[in-house]
Every structure is written in C-alpha cells, then in structure tokens.
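Before any comments, here is the structure.
Numbering (the UniProt record's numbering), first residue to last: 1 to 874.
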C-alpha cells in the first residue's frame, strides 16, 4: 500500500499522518474496554484476512496515540507519527534530542506485535530499558499488550517469560549474550529467546557504529600463568618509549624496535622472541599496551580491587566485562592486584551479524546522518531525517583553540565562572573521568558549586538526580560522555522527577536521622508540610530498595495499592503541581538568560558524538548555545590533525592565553574528524568482512545444534553422520593403492565397531558402490545391536546418549575452531606482502578448517557412540 521511493518519502508519509489523526478523533469516545478490545479484533482481522501490516497501520497508530494521551496526557506531534512510520518501514529515523523518541517507538512496536512473533526494543543501558519498559507497561495496559524487560539483574529462569511477551525491552549486550547462551544450551528448555522478528534500536548509532568494533564474547576460564604477566610487567617498566618501542596511537598498537627486541631477549635469556616456540611476545606487547595505551580513570577504574572497564563511548562502567587475549591480566599486573585466569572464547558474535538476524530492523537516534553510508552498506538501513516539532534556535559558536592544554582548562573554568555569575545552567562534556575531576578541582578553587557525573560508583548512584537538576538555574554539571544520554535536560527542572526524588530524599533523611546525611535541596518549608504526611515506619524495612518501591508506587497503575501507597501517590501529585509552577517560572528566567550553555572540552573522534553533546541544548525550540574549547595537545590534533594546524598556530605567533577562531582551523578540524571516521569505518568494515566468513559457519553450526536440541528422534542424525563418515573415508580409499586400501578398510570397521567374519581382501574385490552399500548396511545392523543393548540397560538411554555426544562434540570442536580462526586472522594479514588478498586467503583457509571440523565432529561422535561401554549400577 505504501511502497514509496526512498528519495523523498516524507511528503508521502505526511498524507498517512493526516489519516491517522482523522481516525484518532473517532477513538476519543471509546470506553476503556472498547479500546482494549481493539487489540484482539486487529489480531483476528490480521490472521483471517492474511493482511499486510501496512493495511492496518493507520488504525493501529491512532489507537496507540489515544492510549498515550489517556495515560500521560500527552498528544503526539505529527513529526512523532512521521518518525513512527519511518521506523515501521525499516529505516533509521534521525530525531533530535527532546523530540520524544521513547513514545515514537511504541507505535511500530504495537503494530508489529500484533503478528504474535515478538518485538524487541533495544536500548544502550539498563536504566533506559527499565525506564522505558515501565512507561510502556502503563500505556499498553490500556491495550492488553504484555511488556517484558530484560536487564543484567533479570534472573535466568525469568528470561524466557520476558522474551515471550508481545514487546520486550532489553539492552544490546543482554540480547547478544542471551543469543550466544541459547546456542550453547544442552536442553531445549534452556533456550530463552524466540526467533528474531522485529527490532527497534534506540540510540542506533551508539550500538551499530560505536560498539560494532568490539565483538560480544562468552568466555571460559583457563589456567592462570602469573609468572608470564609479572615478568612481562617488569620488562615493560624497564623499556623506554621511542628507544625500545614505538607507539601507533591510531591503531592502538605497539612495535618493538631492534634495541627493544635485544633487551627483551637478553632479560628472558632466549634466542628469538618472535620464535613460534616462544610465548613471550604476546605478554610483552600486552604489558606495553597496559603501560602506554590503557590509562586508569580513562579506560578503566579500580573498584573493589578489580579492574573495571569504562565504555569509551558512553563513559559508563561495564560490570563483568573483561578485555580478551590477556590484556586484562596485563593491566591487573600493572596495578599490582590479583591476576584472574585468562579467558578462552567459547562463543562470539559481532553486533553487525547479531542484528542482521532480524527479519525486520530499524532504529532511531539524534545523530545518524554523518554515518548514513555505513548504515546503508552494512545494514541496508536508509537514514531519514525527521523535521523537529519546533525550529531549533540553538547557537553553535565557533571553536576556540589554545596553544596549550593548561590555557584551555583555564578558559573553561573562567567560562563556567561567568555562566554561574549570570545564573545560566551549564553542561560541560569531558572525554574521561580524569579530565572531569581536573575541572571539578579547578572549580573548587574558585568556589563554584558543581555536580559531577562520571563512571565512578558514587556519582552513578546520583545520575537521575544530577540530570534532573542540570537544567536548573545556577547549576554547573560536569559529565563524561554519558551525559544522561536518553534523558532530557529540561530547563527549570523536570517537575515529575524532582517530586519523585524529593520523596525518596525525605524518607531517607527521616529514617537515617544522621547529621552527616546531606539534606536534599529539593524541598522547602512548604514542601515539608506536604511530605510530613508520609508514614516513615511503613518504609523502614524497604530502605534498601526505596527507589524501586517509590518508582512502582508512582508509575505502576495497579488498583490494589494499600492505604500508605495511595497516600504517597497523593503526596507525589501535590508535589508535582507545586514544582510545575516553580519550574515553569525558572524556565522563563533561564530562557531570558539564553538557555542551557553546553561546553565541549575536546573534539571527539566522530562528529556524531560532538553533535550529541551540542544536542543536549536547544530542545523543543528552546534557546541555547554551545562552544568547544580545544588545545593543540588534544588527541584529535595530536594523532590525526597533522602538522598543518600546528604550523598555522606558529605562523600567527599569538600569545598562549589568546585563543584562535578561524575558518581554516575549523575546516582542518572537520577534515581530521572525517579522516578518523573513515579510519574507524575501515576497521568496522574489515571486522564485518572477516566475521561474515565465520558467521556463515556459525549459522550452520547453530542450525545443526538447534535441530538436534529440538529433535525427539536423534537416531536419524547418527545414521547420517555414520554414512557420511563411511563415504568420506571411501573417497580417500579410492585414491590409494592396494596396501593402503587395506589399512583404510580396517579403520572403517574399527571406527564403526563392525565385527563380522569375512576377509578384507574379499571386500577389496568389490567395486566402490558395492563396498559403500555393504558398509552402510553393516553399520545399520551394528547400530541396531548397539541400540538394543543400551535399551536393555535402561529404556530411553540411547536417545540421551546420542544427544549428549552430538552436542558435546559440536561445542568442543566449535570452540577449538574459533581459536584456530582467531589465529588465522592474526597471521593472514602478512599474506598481503606476497601480493595476495588477505580476505580471499582467509575465506579459502577458513573453508578448509570448517570442512575439517565437520569431518572431525562426525567421526568423533560415531567413534564414541559405537565404541562406548556403559555399566549401569542398580
């Protein structure tokens, strides 16, 4: 029905938006029961008439629009409906910050959920998944749609139930790990996911671009070899940069010089560090990477005497994640803490290939246009820009570039001081924990209050509170890239969130009654009177889960709330109405001052991340400004900028304290960023090309596993494996002379455990087809006898044994194959020096390795099941 060209779909979609609004007007008179009945009617209508989903798009979108209005009081803008159509058509919708993407996703999710195949809405972190799922539960309770939620805290036995819901909210990492775990399951009841049908990816650029460089890996422990790591750490400490090794910051790699190689060989008392018999080169290079490239409070933090990774894109800590290939252990040795066992890869997949498993895929973000070629080439997803509801009037001021980093930070501090003096809320985006804390110390020296949001646990705990206050007057917020992504910074403050936090803070203050406990600045004397109605005794036993308790009371619409819960809900509504007046008045004051001011402290490697930071200001037509403060010591200038910019600065001969504002400089910066984007795109493209080879193999193995898991009668699989093994060995037999032919026949008979009285020289006289048919028949007879023997021991035992051996050998061989493929990828690059295309060579060798693995699986399974001897103790 709506089969339009990609070139200009907006105009065509606008006609559909008008029809949705017309149908929406007819729903206002529907009762709650009538509205809820719409879901079942549409499901039946869809099933009986074998309709295309496009044919019921108008009705379904109007129904969700009505449900949203009834639950939240918000009426969707036309641009939100436009975004929803774009998502349903399997595109990426670029919608700016504050345009209501969370609500937009609910429309296509509802439409596609009517098929009964399940919809996944994928977000970047647990906080957003939980927040969005709670809102969806409230809205979809009007439509009888079941909402599921998967976070890292979801119990394994609950996951299947959550995935079986109509719409499931989850994070990209949980989705990926559940997929890998499902394909390692040893019983079909352990599988938690259904087949992938439709996914809506929130912050699609973060997931499909930023995180696509690193594959998801499920690991198993190996033995700890402390002596290697510690000795490598000692040697790395003695080596000197530029003399003993060179650092390639672009590829984050380290190369030993001739002097460095000789030093290592002398200290380790070995002849050749690069010898295939020597394990040392891997440990030395990892120790040097830990020393030079992985910095504490930037790439990782120490938490509970453990190295915890900090996500370079979001600034969030990644609990339970470890670097592979011994790098994590090298950092543990550097920090002189307990070295955990190195991981062995059991299963892995890239995000590219994970999301390409979906029949239908779409995504939304505020920044995707700069990467539209990559989205189109790899994911076949066009990017369509959705107009803003109100014109964006934010002013993005030219970058200021300083010669030295010291002068840059001094200028940022002065800018914060000026903004604080006039009362404008200011958000400062930093690239690391270290830099965020440096600015915090500088502000402390000039007595400017601030809120600090970075990956440190004490700051993460206050994330919601910090972001809620970030739009208030006289507020300075320092943040790493996390900057509350997915949460709007509302000028004057978010009345609903402030009311919720006020209740939580008040209860905590009352229960702890501790002078050291800082009283929240959210409530005044007037608010105190309202809050005093809360029965503190009711919450004393719930203090450890207070946030969740209050959140459930406020945001879940179940009708069986007890008296105390109803009282809290009433207090919350009173507080919201009070705060709305305060926030609205403050918003007008802030707008008169110029709105939210955003300061960037460094240009990122991608223009998208800069645009995300700028986009925190100027939401929904608000005033706002942004400005980047830069120095020649910044990574982008240093690594990718080249000498052009530095030479320009020297020629101008300007004082260190005076910044440069120049069109030539801005062009050089943009060129540097494009160079970085292109460089990392090539890395992701190469990763995708290599993983595509193993992905085809992965799909073949996982399909075979699934077939075995779901099969009740695995005998057919064993017979197939046995006959294939006979055929493969006979193919070798055909090519050999008589002497070797006898050996091969003996091997076949031994492997299949065939014990009959005949002479092998009689068998050799037969032609190929006669031998093949004879051996197939003998194998079936032998297997019948084996089956009868095992059934006599215990009924059903043979089927259990078949399944066990099949899965055990597939998993074991696949894990060994992953290791071989990784080694192959490591050394295949050297083929380019011999005028050979590494990717073509990789494909050829990977194919041979796969064929060998499949042959090994078949032969091992047959050998084990035909030659096993079981004794059952009664």
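Glycine is no exception: its CB is placed at the ideal position from the N, C-alpha and C atoms. Computed from a prediction, not measured in an experiment: that's the story for all the values here.
Cβ-based burial, residue 470 [other Cβ within 10 Å; buried from 16]
Here the question's residue 470 lines up with position 470 in the chain shown. With 16 or more other CB atoms across the displayed protein chains lying within 10 angstroms of its CB, residue 470 is buried.
Counting only runs of 4+ residues fully inside the segment 540-574, write out the alpha helix (DSSP H) ranges in chain order.
Runs of the alpha helix (DSSP H) inside the segment 540-574: 546-555.
Buried or exposed: residue 716, going by 16 or more other Cβ atoms within 10 Å of its Cβ?
Numbered from 1 along the chain shown, position 716 holds the residue referred to as residue 716. Only exposed fits residue 716, as fewer than 16 other CB atoms lie within 10 angstroms of its CB.
Starting from residue 451, follow the beta strand (DSSP E) in both directions and report where the run begins and ends.
By 1-based counting over the chain shown, the position of residue 451 is 451. Segment 451-453, the beta strand (DSSP E) holding residue 451.
With DSSP collapsed to three states, give me the class of residue 248.
Sequence index remark: in the chain shown, residue 248 carries index 248 (1-based). DSSP places residue 248 in strand when its eight states are reduced to three.
Run through DSSP, which three-state label would residue 74 get?
Working through the chain shown from its first residue, we reach residue 74 at position 74. Reduced to three states, the DSSP call for residue 74 is coil.
Select from 365, 585, 497 and 601 the residue whose C-alpha is nearest the C-alpha of residue 437.
As a position in the chain shown, residue 437 is number 437, starting the count at 1. Distances from the CA of residue 437 to each of 365, 585, 497 and 601 were compared; the closest alpha carbon is that of 601.
Near residue 359, which residues of its chain fall below 6 Å by C-beta distance, leaving aside the five closest residues on each side in sequence?
Within the chain shown, the letter at position 359 stands for residue 359. So the qualifying residues of the chain are 197.
Selection from 166, 151 and 203 that minimises the alpha carbon distance to residue 178
Reading the chain shown from its first residue, position 178 is the one you call residue 178. Residue 151 is the option with its Cα nearest to residue 178.
Taking the alpha-carbon positions, what's the residue 614 to residue 328 distance?
Taking the first residue of the chain shown as position 1, residue 614 is located at position 614. Taking the first residue of the chain shown as position 1, residue 328 is located at position 328. When the Cα atoms are used, residue 614 and residue 328 turn out to be separated by approximately 34 Å.
Based on Cα-Cα distance, which residue from 370, 117, 730 and 400 lies nearest to residue 656?
Counting from one through the chain shown, the residue named residue 656 turns up at place 656. It is 400.
Residue interval of the beta strand (DSSP E) (run including residue 385)
For the purposes of this step, residue 385 is identified with residue 385 of the chain shown, where counting begins at 1. For residue 385, the uninterrupted beta strand (DSSP E) run begins and ends at 383-385, by DSSP.
If you draw a straight line from the C-alpha of residue 148 to the C-alpha of residue 59, how long is it?
The count along the chain shown starts at 1 and reaches residue 148 at position 148. The count along the chain shown starts at 1 and reaches residue 59 at position 59. The alpha-carbon atoms of residue 148 and residue 59 are separated by roughly 24 Å.
If residue 403 and residue 665 are in contact, beta carbons under 8 Å, what's the gap, nearest whole angstrom?
Counting from 1 along the chain shown, the entry for residue 403 is found at position 403. Counting from 1 along the chain shown, the entry for residue 665 is found at position 665. Actually they do not touch by this definition, with Cβ atoms about 12 Å apart.
If the criterion is Cβ atoms closer than 9 Å, does the pair residue 303 and residue 284 meet it?
Here the question's residue 303 lines up with position 303 in the chain shown. Here the question's residue 284 lines up with position 284 in the chain shown. No, the Cβ-Cβ distance between residue 303 and residue 284 is not below 9 Å.
What runs of the alpha helix (DSSP H), each 4 residues or longer, lie entirely inside the segment 729-757?
Runs of the alpha helix (DSSP H) inside the segment 729-757: 738-751.
How close, in whole Å, do the beta carbons of residue 782 and residue 752 come, if the pair is a contact with beta carbons under 8 Å?
What you label residue 782 is simply residue 782 of the chain shown in a count that begins at 1. What you label residue 752 is simply residue 752 of the chain shown in a count that begins at 1. Indeed they touch by this definition, with Cβ atoms about 6 Å apart.
Quick one: what does DSSP say residue 396 is sitting in, helix, strand or coil?
For the purposes of this step, residue 396 is identified with residue 396 of the chain shown, where counting begins at 1. The three-state reading of DSSP puts residue 396 in strand, counting E and B together.
Assigned exposure category for residue 891 - 16 Cβ within 10 Å defines buried
Residue numbering for the chain in the displayed model covers 1 to 874; residue 891 lies beyond these limits and cannot be assessed.
Restricting to Cα atoms, I'd like to know which of 410, 571, 749 and 725 is closest to residue 506.
Numbered from its first residue, the chain shown carries residue 506 at position 506. Closest option to residue 506, Cα to Cα, is 571.
Looking at the structure shown, is residue 23 part of a helix, part of a strand, or coil, going by DSSP?
Your numbering for residue 23 matches position 23 in the chain shown. Correct three-state label for residue 23: helix.
Taking the beta strand (DSSP E) that residue 202 falls in, what are its first and last residues?
Your numbering for residue 202 matches position 202 in the chain shown. Membership of residue 202 in the beta strand (DSSP E) is indicated by the continuous run 198-202.
Could you give the distance in angstroms between the alpha-carbon of residue 745 and the alpha-carbon of residue 708?
One-based indexing of the chain shown puts residue 745 at position 745. One-based indexing of the chain shown puts residue 708 at position 708. C-alpha separation (whole angstroms): 30 Å.
Mapping the DSSP letters down to three states, classify residue 389 as helix, strand or coil.
In the chain shown, counting from the first residue as 1, residue 389 sits at position 389. Residue 389: coil per DSSP, three-state reduction.
If we call anything under 9 Å between Cβ atoms a contact, is residue 309 one with residue 321?
In the chain shown, residue 309 corresponds to position 309, counting from 1. In the chain shown, residue 321 corresponds to position 321, counting from 1. For residue 309 and residue 321, yes; Cβs fall inside 9 Å.
So what's residue 105 in DSSP terms, helix, strand or just coil?
Mapped onto the chain shown, residue 105 falls at position 105. Assigned with DSSP and collapsed to three states, residue 105 falls in coil, not helix or strand.
Determine the DSSP secondary structure at residue 318, reduced to helix, strand or coil.
Taking the first residue of the chain shown as position 1, residue 318 is located at position 318. Strand, per DSSP.
Provide the residue span of the alpha helix (DSSP H) that contains residue 529, from first to last.
To locate residue 529, count along the chain shown from 1; it is residue 529. Start and end: 525-531.
Going by C-alpha distance, which of 190, 143, 603 and 174 is nearest residue 153?
For the purposes of this step, residue 153 is taken as residue 153 along the chain shown, with counting starting at 1. Of 190, 143, 603 and 174, the smallest CA-CA separation from residue 153 is found for 174.
Does the beta-carbon of residue 847 have 16 or more other beta-carbons within 10 angstroms, so that it is buried, or is it exposed?
Here residue 847 refers to the residue found at position 847 of the chain shown. Classification of residue 847: exposed, given that the 10 Å Cβ count is below 16.
According to the neighbour-count rule (16 or more other Cβ atoms, all chains shown, within 10 Å of its Cβ), is residue 556 buried or exposed?
Residue 556 sits at position 556 when you count from the first residue of the chain shown. It is exposed - the Cβ of residue 556 has fewer than 16 other Cβ atoms within 10 Å.
Exposure of residue 617, with buried meaning 16 or more beta-carbon neighbours within 10 Å:
Along the chain shown, one-based indexing puts residue 617 at 617. A buried status is given to residue 617, since no fewer than 16 other beta-carbon atoms sit within 10 Å of its beta-carbon.
Does the ligand ZN have a heavy atom nearer than 8 Å to the CB of residue 857?
With respect to small molecules bound, the structure shown includes none, and the ligand ZN cannot be examined in it.
In whole angstroms, what is the alpha-carbon distance linking residue 850 and residue 816?
Against the chain shown, residue 850 aligns to sequence position 850. Against the chain shown, residue 816 aligns to sequence position 816. Residue 850 and residue 816: Cα-Cα distance of roughly 11 Å.
Residues near residue 472 by beta carbon distance below 7 Å, same chain, minus five either side:
Numbered from 1 along the chain shown, position 472 holds the residue referred to as residue 472. Cβ within range, chain order: 425, 492, 493 and 586.
Helix, strand or coil at residue 797 [DSSP, three-state]:
Translated into the one-based positions of the chain shown, residue 797 becomes position 797. Three-state result, residue 797: helix.
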